[in-house]
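A.B. asks: Chains as they are written, first to last, in the numbering used here: chain A, 6 to 110; chain B, 6 to 110; chain C, 6 to 110; chain D, 6 to 110. Cβ coordinates follow ideal geometry from the N, Cα and C atoms, glycine included.
Number of protein chains: 4
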Amino acid sequence: MKGESDGAQGLEELARQLESFVEARDRVRFNSPKNLSMALAGEVGELIEHFQWLTQEQSSHLSAETHEAARQEIADVQIYLLLLARKLDIDLLQAARDRLQTSPR
Amino acid sequence: MKGESDGAQGLEELARQLESFVEARDRVRFNSPKNLSMALAGEVGELIEHFQWLTQEQSSHLSAETHEAARQEIADVQIYLLLLARKLDIDLLQAARDRLQTSPR
Amino acid sequence: MKGESDGAQGLEELARQLESFVEARDRVRFNSPKNLSMALAGEVGELIEHFQWLTQEQSSHLSAETHEAARQEIADVQIYLLLLARKLDIDLLQAARDRLQTSPR
Amino acid sequence: MKGESDGAQGLEELARQLESFVEARDRVRFNSPKNLSMALAGEVGELIEHFQWLTQEQSSHLSAETHEAARQEIADVQIYLLLLARKLDIDLLQAARDRLQTSPR
Chain A
6 MKGESDGAQG
16 LEELARQLES
26 FVEARDRVRF
36 NSPKNLSMAL
46 AGEVGELIEH
56 FQWLTQEQSS
66 HLSAETHEAA
76 RQEIADVQIY
86 LLLLARKLDI
96 DLLQAARDRL
106 QTSPR
Chain B
6 MKGESDGAQG
16 LEELARQLES
26 FVEARDRVRF
36 NSPKNLSMAL
46 AGEVGELIEH
56 FQWLTQEQSS
66 HLSAETHEAA
76 RQEIADVQIY
86 LLLLARKLDI
96 DLLQAARDRL
106 QTSPR
Chain C
6 MKGESDGAQG
16 LEELARQLES
26 FVEARDRVRF
36 NSPKNLSMAL
46 AGEVGELIEH
56 FQWLTQEQSS
66 HLSAETHEAA
76 RQEIADVQIY
86 LLLLARKLDI
96 DLLQAARDRL
106 QTSPR
Chain D
6 MKGESDGAQG
16 LEELARQLES
26 FVEARDRVRF
36 NSPKNLSMAL
46 AGEVGELIEH
56 FQWLTQEQSS
66 HLSAETHEAA
76 RQEIADVQIY
86 LLLLARKLDI
96 DLLQAARDRL
106 QTSPR
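(1) If you measure from the beta carbon of T60(A) to each beta carbon in chain C, is any gap under 8 Å?
(2) What ranges does the alpha helix (DSSP H) occupy inside the region 21 to 70 of chain D, keeping only unbroken runs of at least 4 residues that lie completely in it?
(3) Can you name, in chain order, every residue of its own chain whose Cβ lies under 8 Å from the Cβ of L41(A), other than the five neighbours on each side?
(4) I want to verify the contact list: residues of chain C whose CB lies under 7 Å from the CB of R104(D), in sequence order.
(5) Run through chain D and tell me which residues come within less than 7 Å of L36(A), C-beta to C-beta.
(6) Using three-state DSSP, classify L89(D) as helix, strand or coil.
(7) Taking CB distances under 8 Å as the criterion, tell me whether A46(D) reaches chain A.
(8) Mapping DSSP to helix, strand and coil, what is I84(C)?
(9) Rounded to whole angstroms, what's the CA-CA distance from D81(A) to E28(D)? Just pull it up for me.
(10) Would you mind working out which of A101(B), S64(B), D31(B) sits nearest P17(A), comparing C-alpha positions?
(11) Comparing alpha-carbon positions, which option in Q83(B), Q106(B), W58(B) lies nearest L98(A)?
(12) So, for A75(A): in the same chain, excluding its five sequence neighbours on each side, which residues have a beta-carbon less than 6 Å away from its beta-carbon?
(13) Quick one: using the 10 Å Cβ neighbour count with 16 as the cut-off for buried, is L106(B) buried or exposed?
(14) Taking the alpha-carbon positions, what's the V49(C) to D103(B) distance?
(15) So, Q61(D) versus A44(A), is the Cβ gap smaller than 8 Å?
(16) Distance, Cα to Cα, I53(A) vs I53(C)?
(17) Nearest to S65(B) by alpha carbon, out of E51(A), G15(A), L59(A), P38(A)?
(18) Would you please verify whether the beta carbon of L93(C) is less than 8 Å from any beta carbon of chain D?
(19) For A46(A), count neighbouring C-beta atoms within 10 Å of its own C-beta (all shown protein chains included) and say buried if the count is 16 or more, exposed if not.
(20) Whose C-beta lies closer than 7 Å to the C-beta of E51(C) among residues of the same chain, with five residues either side of it excluded?
(21) In this structure, how does DSSP classify I79(C) when only helix, strand and coil are distinguished?
(22) Shortest alpha-carbon distance to E73(B) belongs to which of L23(A), D96(A), L19(A)?
(23) Does D103(B) come out as helix, strand or coil in the three-state DSSP assignment?
(24) Going along chain B, which residues have a C-beta under 7 Å from E2(C)?
(25) Does the beta carbon of G47(B) fall short of 7 Å from some heavy atom of the ligand FAD?
(26) Does chain C have any CB closer than 8 Å to the CB of S68(A)?
(27) Near A20(D), which residues of its chain fall below 7 Å by C-beta distance, leaving aside the five closest residues on each side in sequence?
(28) Determine, using beta carbons only, whether A90(B) comes closer than 8 Å to chain A.
(29) Of all the options L59(A), L23(A), S25(A), which has the alpha carbon lying nearest to the alpha carbon of V33(D)?
(30) Is L97(C) close to chain D, meaning its C-beta is less than 8 Å from at least one C-beta of that chain?
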């Protein structure tokens, strides 16, 4: 597996880029956790469509085209998730770490 | 806004913790992008339920209880998103950065 | 396959029951298509969780318990879908028929 | 509100049209409840996108264009829901009626 490219350029940096991104656009639109949770659901819906007719096996061996499309949807999900977390003043990584430690799942 | 707690402890570290987590459980279950995309949709569904009857204004001022519940769902979404990205050999942060640069949205 | 129990007791009848149901509860809550679309997404999220770790084959042979749980989620999806359609003044069956005739899918 | 156009042409009739529709296409694709639940989630994701940046008030007064787009997504949701219910041998209307009687919601 490829490593995650964080370190100096981690989620914190991405969050800063998002601030500028949002700043340059419609601030109001991104201002409501309700709306952001809907945008998140919309992107996950687009993501799932790439896998719905595949077997589990096929979903592990995507065509280059489908892989790139899935990569973009996954990116969109991450972006809206980070926007939502920031809006709610939630530290995304800390929340995930806490969850791993407490959840038996 | 609170900062993201990455740096040395970023997504890369979380990914390692996830490996151990998955290792200790049902490997097969987490092995298919198809299944992981469904788990992602399930968690987003749980998340959205916390916001569905709130006004946009109310969704910015959650009760402590709802905030904690939302925090846990958001963490679950992040966990499944990272598992899915790793499974597809996608660098989550790089994908998000690329998306911010190319998408007019 | 079991037949659908409509005829005299079809969607129209269900819609009337829903009116009474909503009347007896929080009218405001059910009054917004935005909220209803979120409730729909929430229920679909609950539904998908019953299938996420199953193989396609297994999903065709549910245990009695999972079948009943899925039946309830499917019912909830139908209820919110009908509420949403009525709210938007959309004839659900006509819309579906139109779609079948025009969509190459 | 417009009435539902069932009676002689109810869900049962729609189900028959769906049989022909599926027959004429890829039978295997539509054969798994797992896949159908994903298709359902995908369509709900598309539907929710039409409402995500609207206020609750705005979502009650859609433009003709958005209304037609929402109508098509709602139709797709109904189609996949009926396919899923039939596949699981569930009477959609009876399930919804049972739910209304038992759920305090």
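C.D. replies: So, from the data block:
(1) yes
(2) 38 to 54, 61 to 64
(3) F35, Y85, L88, L89, K92
(4) Q77, A80, D81, I84
(5) One detail in the question is off: residue 36(A) reads as Asn in this sequence, not Leu. Within chain D, no residue comes near N36(A); the closest Cβ sits about 11 Å away, beyond 7 Å.
(6) helix
(7) At a cut-off of 8 Å between beta-carbon atoms, A46(D) makes contact with chain A.
(8) helix
(9) Cα-Cα distance, rounded: 36 Å.
(10) Just to set this straight, residue 17(A) is Glu in the shown sequence, not Pro. Nearest C-alpha to E17(A): A101(B).
(11) Q83(B)
(12) H55
(13) The residue you asked about is not Leu; residue 106(B) is Gln in the sequence shown. Classification of Q106(B): exposed, given that the 10 Å Cβ count is below 16.
(14) 31 Å
(15) Against a cut-off of 8 Å, the Cβ pair of A44(A) and Q61(D) comes out as no contact.
(16) 11 Å
(17) Considering only alpha carbons, the answer is P38(A).
(18) yes
(19) buried
(20) E78
(21) helix
(22) D96(A)
(23) In the three-state reduction of the DSSP assignment, D103(B) falls in the helix class.
(24) Nothing in the structure corresponds to residue 2(C), since chain C is present only between 6 and 110.
(25) No copy of the ligand FAD occurs in the structure displayed, which carries no ligand at all.
(26) no
(27) Correct list, in chain order: L87, R91.
(28) yes
(29) L59(A)
(30) Between L97(C) and chain D, the shortest Cβ-Cβ separation is below 8 Å.
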